[in-house]
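Asks: Quick one: the structure is below, questions incoming.
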Amino acid sequence: MYPSIVLILAATAASTFAAPSLLLQVSGTSPGYDTDSLMVLTTIRNTGDVPLELLNDPYSPLSDLPTDMFTIANAHGIRPDFVGIEVKYNPRLAAMSGDPLAITYLAPGQSVQIEHDIALAYDFSTSGPGPYTINLKSRNAYHYVSGGRISTLLVETGVSSYVFNVSRSIAFKARATLKSEPDTEGCEDWQHNAVRGAIPHAKQYVAHAIAELSRAGYKGDNYKRWFGAPSDHRLQTVISHFEALIGNNFTEFIYICKTRFCSHNSGVFAYVYPDEFGKIHVCDMFFRSPVGGPDSRASTIVHESTHFTRNGGTQDHAYGQHLTQDLARSYPQLAVMNADNHEYFSVNAEGDDFQQRLALYMQASG
């Protein structure tokens with residue numbers, strides 16, 4: 162028998178007709194299972210009266226990627242370490258990709274179930290055995306495609322929880338196993354060339370970001386656009402991230418081209434394990450993107466590098482230029498810890514030099 166929690170997702174809509182809505186049920190394995198095989202099942206049902214095309218955001222329960230989508234704690238408030246992945250994802254490009262794996266289609270009354278392997282994302286060896294309470298992390302929005310545009314379902318507050326039991330404390334094995342699997346095979350020649358071609362631009366983006374922060378601080382339009390209202394504390398946070406990045410040698414990083422989490426997740430450019438400094442797993446979308454500019458190979462390197470704990474450990478609170486600017490306006494404290502905001506700030510810090518942009522275009526098209 163599966164204990165479960167229920168979360169209602171409701172959409173804001175100008176019209177009172179045909180309002181989309183979802184019901185999300187989360188269930189877990191029965192108590193006593195080891196974390197080696199602990200699975201959580203999410204069931205998403207379309208409770209509205211219109212069909213939905215839901216984007217499989219890596220941080221939503223529609224994705225089986227080992228991202229940080231759950232809140233887990235024992236009776237003492239001790240949480241297992243998150244050891245999963247941080248992902249660069251673009252919902253607009255995912256929607257445009259035409260890849261059926263990018264979208265979940267749900268007719269009214271239809272449901273879909275997704276399994277999540279908790280042991281791939283959380284290490285219980287540091288927190289010990291015993292009962293744990295698990296919640297789905299509350300996220301502000303779920304995205305769906307309607308009329309050729311991406312719309313938003315807002316998440317209601319208030320999430321129930323259920324308890325599962327970790328029967329013993331184990332050493333975390335999932336990532337160690339992955340290292341010996343084919344996922345860690347090297348890149349083909351053309352992929353190596355694509356990575357190498359992007360690295361100089363990534364270095365330049367970081368250098369220009371440092372220069373602009375030193376010159377203008379939080380007074381510049383670029384800072385306000387991506388990091389929001391002036392704040393000495395937030396400015397120092399951003400500066401510390403780019404100062405850490407300037408000390409990175411991107412040419413010494415390991416870029417892993419054949420990875421297990423790329424093959425069935427459209428819209429994903431790359432991902433990293435934050436504590437595995439210097440290792441970037443690159444996906445097909447990475448190689449399909451231009452060498453420079455926003456959402457490019459170079460800017461993806463910057464984005465993923467900010468996720469490393471050593472560089473400040475940014476997260477993914479929002480994706481894409483539109484949503485990240487909204488984040489900066491409304492929640493600047495989150496913007497200064499959001500990877501895409503750093504990426505877009507660094508790209509725009511490069512300025513509007515026509516010859517430089519022309520050179521990037523020629524490299525991308527050639």
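Counting from 162, one number per residue, gives the positions in the sequence shown under this note's numbering.
Ideal placement from N, C-alpha and C gives every residue a C-beta, glycine not left out.
Owing to the predicted nature of the structure, the values given are computational and were not obtained by experimental measurement.
1) Are the beta-carbon atoms of residue 292 and residue 368 separated by less than 8 Å?
2) Report buried or exposed for residue 217, applying the criterion of at least 16 other Cβ atoms within 10 angstroms of its Cβ.
3) How long is the line joining the alpha carbons of residue 229 and residue 277, rounded to whole angstroms?
4) List the DSSP bridge partners of residue 325.
5) Beta-carbon separation of residue 387 and residue 505 under 8 Å?
6) Label residue 223 either buried or exposed according to how many other C-beta atoms from any shown protein chain fall within 10 Å of its C-beta, with 16 as the threshold for buried.
7) Determine the direct distance from the alpha carbon of residue 377 to that of residue 447, and round the result to whole angstroms.
8) Could you tell me the distance, in whole angstroms, from the CA atom of residue 241 to the CA atom of residue 250?
9) Is residue 475 near residue 394, with beta carbons less than 8 Å apart?
10) Consult DSSP for residue 480 and reduce its assignment to one of helix, strand or coil.
11) Classify residue 391 as buried or exposed, calling it buried when 16 or more other Cβ atoms lie within 10 Å of its own Cβ.
12) In chain order, which alpha helix (DSSP H) runs of at least 4 residues are fully inside the segment 230 to 301?
13) Is residue 430 helix, strand or coil by DSSP?
14) Quick one: residues in its chain with C-beta nearer than 7 Å to the C-beta of residue 335, no 5 flanking neighbours on either side, listed in chain order?
15) Taking the alpha-carbon positions, what's the residue 412 to residue 327 distance?
16) My assumption, with CB atoms under 8 Å, is that residue 359 sits in contact with residue 462. Please give the rounded CB distance.
17) Of all the options 418, 231 and 481, which has the alpha carbon lying nearest to the alpha carbon of residue 295?
18) Rounding to the nearest angstrom, what Cα-Cα distance links residue 374 and residue 384 in this structure?
19) If you draw a straight line from the C-alpha of residue 452 to the C-alpha of residue 487, how long is it?
20) Please work out which residues of its chain come closer than 6 Å, Cβ to Cβ, to residue 440, disregarding the five sequence neighbours upstream and downstream, and give them in chain order.
21) Which residues bound the alpha helix (DSSP H) around residue 498?
22) Could you give the DSSP three-state label for residue 304: helix, strand or coil?
23) Tell me the DSSP bridge mates of residue 311?
24) Can you tell me whether residue 507 is helix, strand or coil according to DSSP?
25) Measuring only the C-alpha atoms, how far is residue 309 from residue 481?
26) Shortest alpha-carbon distance to residue 185 belongs to which of 254, 273 and 477?
27) Does the Cβ of residue 181 have 16 or more other Cβ atoms within 10 Å, making it buried, or fewer, making it exposed?
28) Let me know the secondary structure DSSP gives residue 452 once reduced to three states.
29) Just mark residue 245 as buried or exposed, buried being the case when its beta carbon has 16 or more other beta carbons within 10 Å.
30) Just to confirm the assignment, what range does the alpha helix (DSSP H) spanning residue 367 have?
31) Going straight from the alpha carbon of residue 357 to that of residue 253, what length do you get?
32) Between which two residues does the beta strand (DSSP E) containing residue 416 stretch?
33) Given this structure, state the Cα-to-Cα distance separating residue 202 from residue 458, to the nearest angstrom.
34) Rounded to a whole number of angstroms, what is the C-alpha to C-alpha distance between residue 379 and residue 410?
Replies: If we stick to the structure as given:
1) In this structure, residue 292 keeps its C-beta atom at 8 Å or more from the C-beta atom of residue 368.
2) Buried.
3) Those two C-alpha atoms are separated by around 11 Å.
4) Among the bridge pairs identified by DSSP, residue 325 is matched with 293.
5) For residue 387 and residue 505, yes; Cβs fall inside 8 Å.
6) Buried, because 16 or more other Cβ atoms sit within 10 Å of the Cβ of residue 223.
7) Approximately 32 Å between the Cα atoms of the pair.
8) Going by the C-alpha atoms only, they are around 25 Å apart.
9) One thing to note: residue 475 has its Cβ no nearer than 8 Å to the Cβ of residue 394.
10) Collapsing the DSSP output to three states places residue 480 in coil.
11) Residue 391 is exposed by the Cβ-count criterion.
12) Listed in chain order, the complete alpha helix (DSSP H) runs (minimum 4 residues) inside the segment 230 to 301 are 252 to 257.
13) If DSSP states are grouped into helix, strand and coil, residue 430 belongs with the strands.
14) Legend: pLDDT at residue 335 = 41, less than 50; position of this residue unreliable, no value from coordinates given.
15) Near 42 Å, if we compare the C-alpha coordinates of residue 327 and residue 412.
16) Confirmed, about 6 Å.
17) For the residues 418, 231 and 481, the minimum Cα distance to residue 295 belongs to 231.
18) Inter-residue distance for residue 374 and residue 384 is about 8 Å (C-alpha atoms, whole angstroms).
19) Here the alpha carbon of residue 452 sits roughly 26 Å from the alpha carbon of residue 487.
20) Same-chain partners within the cutoff: 415.
21) Boundaries cannot be given for residue 498, as no alpha helix (DSSP H) includes it and DSSP labels it neither H nor E.
22) Under the three-state reduction of DSSP, residue 304 is assigned to strand.
23) Listed as beta-bridge partners of residue 311 by DSSP are 306.
24) Looking at residue 507 - three-state DSSP - the assignment turns out to be helix.
25) Looking at the two C-alpha atoms, the distance is approximately 17 Å.
26) Distance from the Cα of residue 185 is smallest, within the candidate group 254, 273 and 477, for 273.
27) When all chains shown are included, residue 181 counts as buried.
28) Coil.
29) Counting Cβ neighbours within 10 Å, residue 245 comes out buried, since at least 16 surround it.
30) Here the alpha helix (DSSP H) through residue 367 covers 350 to 377.
31) Pairing residue 357 with residue 253, the inter-Cα distance amounts to about 26 Å.
32) Here the beta strand (DSSP E) through residue 416 covers 415 to 417.
33) Cα-Cα distance, rounded: 34 Å.
34) CA-to-CA, the gap between residue 379 and residue 410 works out to about 27 Å.
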